[in-house]
Amino acid sequence: MLHWRRFQFFNKEIVQDPTTSKPTNLLKELSYTCCSSGKGRLVFGDSSGLIHFVNRQFQIYESFQAFKNNISNIYQLKQSNILISIGQDSETEHSPYLIKIFNLEQKNKKGVYPILKELKIYSGKYPNVKVSVLAVEENLTKIALGLENGAIVLIHGDILRDRFSKQKLIRNPNLDLVTNLIFLTNSTEIANQNEILYCATNQSIIAYTLIKGVAQENILDINGSKKDCTALSQNGNLIVGRDEAVFFFTPDGLGPCYGFSGEKTFIYQFKSYLLTITKGEKVNSIYFYDLKNKHIAFTTNMLTDCKYILSEWGDLYLITSDNSIVKLQEKTLPTKLEILFQKHLYNIAIDLANSQNYDPNAIADMFKKYGDHLYSKGDFEGAIDQYLHTIGKLEPSYVIMRFLEAQRIQNLTKYLQVLHQRGHAQSEHTTLLLNCYTKLKDLENLEKFIKGKSDHETDKKEGEKKAELQEEEPTFEIEPAIRALRNAGYYQLALYLAKKNSEHEICIQILVDDLKDAKKALEYIKTLDSKNSEKLIKDYGLPLVKNLPKETTELIIGLCSESIQAENDSHFFENDNSSHRESLTAVDPLSSGLSQQRTSDVMETILDNENDQENFWDLDAQKEKLFAKPKKIQENKPRQYDHQHSSKPEEFIHLFVEQPIYLVDFLETMISKRPDSSPLVYNTLLELYLSDDIIEDSQTISKEEQKKQNYDKALAILKSNQSNYDVEQALVLVQMHNFQEGIILLLEKKQLYNEIIQKYIANNEDEKLMRTCKQVSENDPNLWLKVLEYFCSKSEVEESKILDVLEEIEKQSLIPPLLVLQELTKNPKITVKIVKKYLIKQIESEIDVIEKDQNLIEKTEKKIKETKESYQILKTQPKIFQQTKCSICSNMLDLPLVHFLCGHSFHLRCLTENENYCPLCQDSMSQIDDMKNALIRSNVEHDEFDKLLKNSSDGFEVISGYVGRGLLTKYRNKKLIPTRNDYLNLKF
């Protein structure tokens, strides 16, 4: 071990008397026989039975009489304030030894520390045998005593509470001397199922396994140990110091050993250090071995022998044979590290800091200093190894800037790899690492970085077959890595990485933009769910439709009809023969003849006979035909459908900008499967039907016939009540393409009858003009006036048509005769002969009306006269009431009673409260009151009058009616109806 480095990590000093600043004479004044430490004090027992407590200033601050005679052993528990002492409680020299356990927590009423337990050693069998070694468990469940005759007594159980102590002789007397006893309990770093008692004698090393007071002996070594040359290590091993070496024993046998030669006089475990005192010719050498970090932490010499070693207050105290006290104080960790830094011993400094759980940030700074030191010396490989330990603490740019030169790119690559493995890499670091791989042309590591260890190894062994179970892979940002791979031209690796991390959009970008593989891009989209498929088709569908119009159209139709099948093909990119999705309804009008078939199917649904003008306006009759389920082009096998997502057809229209034929087929399929499609779908399809973009060069059908078929399909859409097109936009479209039938149809839907009439008049289509007027004249009677004006304005008078118009006007009473005559007189060629019948009928009709009105007037006047006479009689002549019985209860009338002018009489008690009318005549009177109130309300409800005036075919009749009822005169709010109190005045 001579090659171990030596340091001075401890300060050595002689304990001074604080009052004289000279070495203390404390122990010289005491005849101490034993000592211990713990709970912030040093404890000494002397030959007179006194126990002395010494504080940190090495002054005796308290003493008490524990025994009457010599104290042989003493032990202060470290975890509780209890002191175990062994001594003679008689003044005679051969008095028996007793065990006294004191509670030092507080004194009793007599001012002394109470004795918790007092025990005789082995029931007095060896009363006069001195105890040479004492071992105590911290929980006071076991005490082991090594006697001078070689015997070992074990006291076990709950020593403080048991009435009688349980003592057991586990080693017989008259054997070799016991030099040390040490308990190995579960409180040590190595947990044991059973407790172990290590025993060192002059001739052997023994381990006793203690099970319920029974000791099983296990001889570990036939060579023993001298007194004070054994200790217990931090990991529970027994340390035995011999002249040739230091040995470590486990409960099972011999463990490791260290060749620390020299005559050992003391072995002691202090913190993580092993202290040995070796006797020389003139001096004793003290060594502190750091076994974990492989160095000697401190070494010094001492002229005198060491009698005791005590540890308290974090320091070590050596009590020498001349009763001096040597203090060994460990230097602080920063001080030790500074010593190591000055000597550039960074590796030892780092090991030392790690062993003492130093601050991780400070340890990282040590690695940085170590790396800087190696970098300055030109050891770049060693420097990068140290910088790897700073990841997560040191800014990566500090290291990267040092290794950016071309000759150091290998070291930089190593650093960046570990940076990614530990999850501290940013996007710039990923890009830099991939650039390093590409510059080094290290395709193997590049694939390993991208695919991960397990994927890479599996590719080598099994080709395209993927490993299902993957190990931990490097952590890095995906998008920067893919971007770097694409920039470097590694498209397949970029594609693999994007697919593996479900970066669907990037996958399509690579396939479409970089690899120009529209087919594989489309097949990849088919493997996704509806939502992702829709998004990708919207963003990248333009080149797909351009290169694969048929397949892309099928996919879009599936998306919009809620029939896309979500496939999960994990081997998509590795197997070119992977199964593809079943094709949807075929829509290739160029190769499969679908255009002609679809055209014929649609045509069958429009009109059975294109010349059948009678069914032209019957839209409902065409409804079922137009939107009948389309014929299947091919039968597909059963599939599973995803109905959770349905795309909107109008959002895909822009993709077909270069494929109008496929757009037509797409839109036709949509309106057949989804009649509730948006107006944009219908209007776009209508525009395509009317344009020349979808007319093809064909040998079987001429362009004119194709155009006619398209117009017929456009007309069928316009006629259907299910068509959800925008009428305004559709009207603009048909007018742009001069589609007359469509114009007429849309004008009718918008009820623009005047425009329709003007259209027919402009085209001289008299039959259509008459038919249209007959159908819609009820909505606008003035249409007949325009028709009459049209026929009257012709240079050649068509008598039959004029008579037809007059007949319709007369039949529906649409126009007053005066307006008709005014129009007829504008054309001098129209004679009275033509309109003679019309005029005679009108005059006769007016005469009949006049006669009916005169008869009504006479009847009304007569009724008014009779009413006035009755009113005058009631007003001027007395009314005689001759009724003797109540009209309700039929009992004889008695006072109080009520007479009504209608002739009925009632008891007052038979009438209800606030009853203003005769109960028997109340219904008729209520009708009269309702009529009066209605007349009053009509006088102030001007909106109602205005509404009647606008909706009436004869406004003059409405006004005359209001005047006749006096509703246009100012109404005076008077009390019209007598109240019940008015009738009470008639009481008798």
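Be aware that the sequence shown starts at 574, since it is given in our numbering, and climbs by one per residue.
Backbone N, C-alpha and C fix where the C-beta goes; we use that ideal spot for every residue, glycine too.
- Cβ contact annotation for D924 (same chain, cutoff 6 Å, sequence separation greater than five): N866, in chain order.
- C-alpha of N1256 to C-alpha of P1122: approximately 22 Å in a straight line.
- Taken through DSSP and simplified to helix, strand or coil, Q652 comes out as coil.
- For K1024, the uninterrupted alpha helix (DSSP H) run begins and ends at L1016 to K1024, by DSSP.
- The stretch 1316-1323 makes contact with the stretch 1279-1293: 3 or more CB pairs, one atom from each, lie closer than 8 Å.
- Nearest to G1315 by C-alpha distance, out of K1341, A1287, I1330 and Q1302, is A1287.
- Judged by DSSP secondary structure, C1494 falls outside any alpha helix (DSSP H); it is assigned neither H nor E.
- In the DSSP annotation of this structure, R1056 is not part of any beta strand (DSSP E); the continuous alpha helix (DSSP H) holding it starts and ends at I1051 to A1061.
- C-alpha of D735 to C-alpha of H729: approximately 10 Å in a straight line.
- Contact holds between the stretch 579-596 and the stretch 888-906, because three or more Cβ pairs, one in each stretch, are under 8 Å apart.
- For the pair T1485 and Q1456, the Cα-to-Cα distance works out to about 20 Å.
- Boundaries of the alpha helix (DSSP H) harbouring Q1282: K1276 to K1292, taken from the DSSP string.
- Residue pairing of D794 in beta bridges, as defined by DSSP: I778.
- Contact between A1057 and T1004 is confirmed by a C-beta separation of about 4 Å, below the 8 Å threshold.
- Residue H1477 holds the alpha-carbon nearest to the alpha-carbon of P1492 among M1504, H1477, S610 and N1506.
- The C-alpha of G1062 lies about 26 Å from the C-alpha of K1099.
- Segment contact: the stretch 863-881 against the stretch 930-941, fewer than three CB-CB distances shorter than 8 Å; contact not assigned.
- DSSP places S858 in the uninterrupted beta strand (DSSP E) bounded by N857 to D863.
- Sequence-distant Cβ neighbours of K1092 in its own chain, meaning closer than 7 Å and more than five residues away, are L1121.
- With 16 or more neighbouring CB atoms inside 10 Å of its own CB, M1243 falls in the buried class.
- For Y1333, the three-state secondary structure derived from DSSP is helix.
- Between the beta-carbon of K1012 and that of I973 there is about 15 Å, and that puts the pair past the 8 Å contact cut.
- With fewer than 16 other Cβ atoms inside 10 Å of its own Cβ, L1429 counts as exposed.
- Around I882, the same chain offers Y841 and L891 as residues with beta carbons nearer than 6 Å, after the five sequence neighbours per side are excluded.
- Here P907 carries a helix assignment [DSSP, helix/strand/coil].
- Three or more beta-carbon pairs separated by less than 8 Å link the stretch 645-658 to the stretch 596-610, which places the two stretches in contact.
- The C-beta distance from Y695 to L742 rounds to 7 Å, short enough to fall under 8 Å.
- Contact between I655 and L677 holds: CB atoms are separated by about 7 Å, below the 8 Å threshold.
- Judged by DSSP secondary structure, E586 falls within the beta strand (DSSP E) whose first and last residues are F583 to I587.
- The beta carbons of L793 and G828 sit no closer together than 7 Å.
- Under the three-pair Cβ rule at 8 Å, the stretch 1272-1281 does not count as touching the stretch 1232-1240.
- Beta bridge pairing from DSSP links G814 with V819.
- For K852, the enclosing beta strand (DSSP E) starts and ends at Y846 to K852.
- Assignment of E1396 by DSSP, reduced to helix, strand and coil, places it in the helix class.
- Shown here, A926 sits in a helix according to DSSP, grouped into three states.
- Given a length threshold of 3 residues, each whole run of the beta strand (DSSP E) inside the stretch 1412-1496 is given here in chain order: 1470-1472 and 1478-1480.
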